[in-house]
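Asks:
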Amino acid sequence: MNLKSLVIFATALLLSTTLSAATTAIIKTSLGEMAVKLYDQQAPITTKNFIAYVNSGFYNDTIFHRVIPGFMVQGGGFEKGMVKKPTNAPIQNEAKPTTPNKRGTLSMARTNDPNSATAQFFINVVDNHFLNKSSSQAGYAVFGEIVRGMEVADQISATKTGRRGPYGDVPVTDIIIEEIRINK
Numbered sequence: 056m057n058l059k060s061l062v063i064f065a066t067a068l069l070l071s072t073t074l075s076a077a078t079t080a081i082i083k084t085s086l087g088e089m090a091v092k093l094y095d096q097q098a099p100i101t102t103k104n105f106i107a108y109v110n111s112g113f114y115n116d117t118i119f120h121r122v123i124p125g126f127m128v129q130g131g132g133f134e135k136g137m138v139k140k141p142t143n144a145p146i147q148n149e150a151k152p153t154t155p156n157k158r159g160t161l162s163m164a165r166t167n168d169p170n171s172a173t174a175q176f177f178i179n180v181v182d183n184h185f186l187n188k189s190s191s192q193a194g195y196a197v198f199g200e201i202v203r204g205m206e207v208a209d210q211i212s213a214t215k216t217g218r219r220g221p222y223g224d225v226p227v228t229d230i231i232i233e234e235i236r237i238n239k
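What follows is the structure, given as structure tokens:
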């Protein structure tokens, strides 16, 4: 291999390593861990918002408060006892047709207002294409995907649920988000 070929090969290797070094979040729950590759490029506002909440410790000791088998599991807004946590201002919806709500992806929860997402997120446990952005709806912003630990999300989605006050689909036994940490 001549020097020119070696330099080209080394540059390509370095570039591919740099491009593949995505930000990862580790979600440690009372049922196990999930590793999530964050979509820094596809959803920069949403990812930055999520990382800010993670770095502030916001998600520590919150619960998965909404679990619907065959649909999704939602967390990031309530502590044990269904005590709602105060959040920062809402962010702009970054839903895109190119980042679908498929099994294993993380999306921002929101109200009917497309630009109302704050801290709550959900994990799609099946393909939920009806949540995707289209010409007729704003969609839900996908900002990452589980790369390890999908069985934990499946276990959460299989938990028994009931009502707690005005809230439905709440796990009977708290499923705790013990900690979320960011790895670059």
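If you count by my numbering, then the sequence shown holds residues 56 to 239, one letter each, in order.
Each residue gets a CB set at the ideal place from its N, CA and C atoms; glycine is no exception.
Small disclaimer: the values here were computed from a predicted structure and weren't measured.
Which term fits H184, buried or exposed, when burial requires 16 or more other beta carbons within 10 angstroms of its beta carbon?
Replies: What you label residue 184 is simply residue 129 of the sequence shown in a count that begins at 1. With fewer than 16 Cβ atoms within 10 Å of its Cβ, H184 is classed as exposed.
Asks: Pairs of beta-carbons, one from the region 212 to 220 and one from the region 99 to 108, closer than 8 Å: are there three or more?
Replies: Because the criterion of three Cβ pairs below 8 Å is not met, the region 212 to 220 and the region 99 to 108 do not touch.
Asks: Here's the rule I'm using: 16 or more other beta-carbon atoms within 10 Å means buried, otherwise exposed. How should V202 be labelled?
Replies: Within the sequence shown, residue 202 is the residue found at index 147, counting from 1. It is exposed - the Cβ of V202 has fewer than 16 other Cβ atoms within 10 Å.
Asks: Hey, Y108 and G130: beta-carbon distance below 9 Å or not?
Replies: Working through the sequence shown from its first residue, we reach residue 108 at position 53. Working through the sequence shown from its first residue, we reach residue 130 at position 75. No, these two residues do not count as a Cβ contact at 9 Å.
Asks: What's the gap between the Cα of R236 and the Cα of Y195?
Replies: Taking the sequence shown and counting its residues from 1, the one referred to as residue 236 is at position 181. Taking the sequence shown and counting its residues from 1, the one referred to as residue 195 is at position 140. Using only the alpha carbons, I get a separation of about 23 Å.
Asks: Take R121 and list the residues in its own chain whose beta-carbon comes closer than 6 Å to its own, dropping the five residues that flank it on each side.
Replies: What you label residue 121 is simply residue 66 of the sequence shown in a count that begins at 1. Excluding sequence neighbours, R121 sits near Q129 and D224.
Asks: Could you check the C-alpha separation between T73 and T228 for me, to the nearest Å?
Replies: Counted from its first residue, the sequence shown places residue 73 at position 18. Counted from its first residue, the sequence shown places residue 228 at position 173. Any reading at T73 must be qualified, since the residue scores a pLDDT of 44, below 50, and its modelled position is unreliable; no value is offered.
Asks: Report buried or exposed for T160, applying the criterion of at least 16 other Cβ atoms within 10 angstroms of its Cβ.
Replies: On the sequence shown, residue 160 is found 105 positions in, with the first residue counted as 1. Buried.
Asks: Would you kindly work out how many angstroms separate the C-alpha atoms of L68 and L93, rounded to a whole number?
Replies: Residue mapping note: residue 68 aligns to position 13 of the sequence shown, counting from 1. Residue mapping note: residue 93 aligns to position 38 of the sequence shown, counting from 1. Residue placement at L68 is poorly supported in this model, since its pLDDT is 47, which falls under 50; the coordinates still yield a value, given next. One C-alpha to the other measures close to 22 Å.
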